[in-house]
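Structure first, then comments.
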Amino acid sequence: MSLSAPIDRGAPAPSDSAFFRATYEAELDYVWRTLRRLGTRERDLEDLTHDVFVAVWRTLDRYDRERPIRPWIFGIAFRVVSDYRRRARFSREIPSDREDAVSPGPSPHAGAEAAEDRALVIAALGALPLEQRAVFVLSAIDGQAMPEIAAALGVPENTCYSRLRLAKKRFADAVRRLRPSAEAP
Amino acid sequence: MKDEFPADIDALLASEREAPGAPAAARARLLARLDGVPNTQAPPKGFAGAAVKTLAVVAVAAGAGWLLWPGPEHPVPAPSTPAAAAVAGPAAAPSRSPEPAGVAALAPEPEPAPELPSTLDPAPEVAVPAGTQPLVVAPEPAPSPSPEAAPGPPEPPEPAPEPAPPRQDLDAERRLVDAARAALNAGRPADALRAVRDHRQRFPRGALVEERESLRVRATASVGRPAEAARLRRAFLARWPQSVYRASLQSLPAPSPPEPAEP
Chain Z
1 MSLSAPIDRG APAPSDSAFF RATYEAELDY VWRTLRRLGT RERDLEDLTH
51 DVFVAVWRTL DRYDRERPIR PWIFGIAFRV VSDYRRRARF SREIPSDRED
101 AVSPGPSPHA GAEAAEDRAL VIAALGALPL EQRAVFVLSA IDGQAMPEIA
151 AALGVPENTC YSRLRLAKKR FADAVRRLRP SAEAP
Chain W
1001 MKDEFPADID ALLASEREAP GAPAAARARL LARLDGVPNT QAPPKGFAGA
1051 AVKTLAVVAV AAGAGWLLWP GPEHPVPAPS TPAAAAVAGP AAAPSRSPEP
1101 AGVAALAPEP EPAPELPSTL DPAPEVAVPA GTQPLVVAPE PAPSPSPEAA
1151 PGPPEPPEPA PEPAPPRQDL DAERRLVDAA RAALNAGRPA DALRAVRDHR
1201 QRFPRGALVE ERESLRVRAT ASVGRPAEAA RLRRAFLARW PQSVYRASLQ
1251 SLPAPSPPEP AEP
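The listed protein sequences derive, respectively, from chains Z and W.
Taking this note's numbering, I'd label the letters of the first sequence as residues 1 to 185.
Taking this note's numbering, I'd label the letters of the second sequence as residues 1001 to 1263.
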């Protein structure tokens, strides 16, 4: 199955349960990565992944299967994270993007550099407001087209273009600021 | 878009695209929870039922009432705040409600109800034409007592919640339900009903009951028993009022009145 293409129900069409299961199996890692990119703490990733698939199930009958599924799932993940951050803010426990940045996962030897790069990306993403971050992730990392991004986030395309422009500048600035300088004494 | 970045940032983003997904342990836990195996106290109601319900209750308890949001494909204006999102859903259920309608709808919990009204259970057997395709399923070590084996007396109420089925049971259940669906879609509703009956005998309270019963309604209609199909459909919709199969079942033709009593 092409991960960014619509999941073909085929003929005969599988049931919604089967479709949901296939979606879960195909997109679990995507949801996990997306939640992390949107600023979820490592320790909350599992629960929020849960929440995303609850919402996927709840709204599955409204998913337009002619469209790619990932932007649709991303839109759900975006709202999960919005709510998560709001709750964290209310409890004065604001998620720290830097916290994620120091836990990039297993990275022995050869993978260490890649892990550091990924940690830097997560940290730099943390410099972006969530709305800009969402557009940036969908565009620059997921490679989605702007119409899909706009549909996923429920905002006009022009707004997405504007957010993306700002996000790219902020991201690049954050990378320069956060990257360990080789010339540093 | 990406080519507008300097090469070093492009390289960073390329690295992030290869980021690992869920660790194996988390993956196993998530799958187990979605399959309703461990740590769910609700009786198994299927992938679409207990597991998701359990998660939904957790999500709503955590204040995620926006889960009722209909999804980004719909012309719902993007809420400016998460609080607004909570009421932007189609049901407009208040997110602070202790049991939002959408959550109840997500997985109805008809605990006291029997699997289906007992009067419907001893479904008349369908004459299976000779030469029909056998339904190959994994043998079950200990089949449950058949609810259809005891005609006449009403079905006893379902026992208290039991542990969720092990993985191999889910696989066997899935094969039976898939066989039923395949037979139905291939125009062999009698075979579909046979698979449904098999599932009901082996897994009277299985994880895929909802899906099985939806197939039962459709197959019953397809073999030319519209009145019975209508009764089954009513029972189904009463038990799973927000089922994802609702639309397909409601599109079934209504039985033409009056119909003679079935044998």
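Ideal Cβ placement from N, Cα and C applies to all residues, glycine included.
Mind checking whether residue i and residue j have CB atoms under 9 Å apart?
i: Leu1249/W; j: Ser1214/W; result: yes
i: Val1196/W; j: Arg1175/W; result: no
i: Gly1218/W; j: Ala1229/W; result: According to the sequence shown, residue 1218/W is Arg rather than Gly. Taking 9 Å as the Cβ cut-off, Arg1218/W and Ala1229/W qualify as a contacting pair.
i: Val121/Z; j: Leu1012/W; result: yes
i: Ala18/Z; j: Asp1178/W; result: yes
i: Leu48/Z; j: Ala1026/W; result: no
i: Pro1189/W; j: Ala1183/W; result: yes
i: Gly1224/W; j: Glu1173/W; result: no
i: Leu125/Z; j: Ala172/Z; result: no
i: Ala127/Z; j: Arg62/Z; result: no
i: Arg118/Z; j: Ser1015/W; result: yes
i: Arg1246/W; j: Leu1237/W; result: yes
i: Arg1202/W; j: Ile141/Z; result: no
i: Ala1186/W; j: His1199/W; result: no
i: Gly154/Z; j: Gly75/Z; result: yes
Tell me the DSSP secondary structure of residue i in three-state form.
i: Thr75/Z; result: Per the sequence shown, the amino acid found at residue 75/Z is Gly instead of Thr. Here Gly75/Z sits in helix by DSSP.
i: Gln1242/W; result: coil
i: Thr159/Z; result: helix
i: Arg1205/W; result: coil
i: Val81/Z; result: helix
i: Gln132/Z; result: helix
i: Pro1147/W; result: Residue placement at Pro1147/W is poorly supported in this model, since its pLDDT is 39, which falls under 50; the coordinates still yield a value, given next. It is coil, neither helix nor strand.
i: Ala18/Z; result: helix
i: Ala1247/W; result: helix
i: Ala127/Z; result: coil
i: Leu1215/W; result: helix
i: Asp1171/W; result: helix
i: Glu1018/W; result: coil
i: Ala167/Z; result: helix
i: Val175/Z; result: helix
i: Arg37/Z; result: helix
i: Leu1252/W; result: coil
i: Thr59/Z; result: coil
i: Pro1005/W; result: For clarity, residue 1005/W is Phe in the given sequence; the question names Pro instead. In this structure, Phe1005/W counts as coil in the three-state DSSP scheme.
i: Pro147/Z; result: helix
i: Ala1182/W; result: helix
i: Arg180/Z; result: As written in the sequence, residue 180/Z is Pro, which differs from the Arg given in the question. Correct three-state label for Pro180/Z: coil.
i: Ala66/Z; result: Correcting the residue type first, residue 66/Z is Glu in the shown sequence and not Ala. Coil.
i: Val1223/W; result: coil
i: Arg1231/W; result: helix
i: Pro1189/W; result: helix
i: Asp44/Z; result: helix
i: Asp142/Z; result: coil
i: Ala1011/W; result: helix
Output, in chain order, the set of chain W residues within a Cβ distance shorter than 8 Å of residue i.
i: Ala26/Z; result: What Ala26/Z touches in chain W: nothing, since even the nearest Cβ is about 11 Å away.
i: Asn114/Z; result: First, the amino acid is wrong: residue 114/Z is Ala here, not Asn. Neighbours of Ala114/Z on chain W, chain order: Ser1015 and Glu1018.
Run through chain Z and tell me which residues come within less than 7 Å of residue i, C-beta to C-beta.
i: Leu1012/W; result: Asp117, Leu120, Val121 and Val175
Chain W partners of residue i, CB-CB under 7 Å?
i: Thr23/Z; result: The contacting residues do not exist; Thr23/Z stays about 11 Å from chain W at best.
Check the Cβ of residue i against every Cβ in chain W and list those closer than 9 Å, keeping chain order.
i: Ala172/Z; result: Phe1005, Pro1006 and Ile1009
Below 8 Å, can you find three or more Cβ-Cβ pairs linking the region 1017 to 1025 of chain W to the region 24 to 37 of chain Z? yes
For the region 130 to 162 of chain Z, which residues have a CB atom closer than 7 Å to at least one CB atom of chain W, in sequence order? Ser139, Ala140, Ile141, Ala151, Ala152, Leu153, Gly154 and Val155
Under 7 Å, CB to CB, which of the residues in the region 33 to 44 of chain Z have a partner in chain W? Arg33
Between the region 158 to 170 of chain Z and the region 118 to 138 of chain Z, do at least 3 Cβ pairs fall closer than 8 Å? yes
Could you please tell me which residues of the region 1014 to 1030 of chain W, in chain order, have their CB closer than 8 Å to any CB of chain Z? Ser1015, Glu1016, Arg1017, Glu1018, Ala1019, Pro1020, Gly1021, Ala1022, Pro1023, Ala1026, Arg1027, Arg1029 and Leu1030
Under 8 Å, with one C-beta from each stretch per pair, do the region 142 to 162 of chain Z and the region 38 to 58 of chain Z reach the 3-pair mark? no
I'd like to know if the region 64 to 71 of chain Z and the region 36 to 45 of chain Z are in contact, where contact means that at least 3 CB-CB pairs between them fall below 8 Å. no
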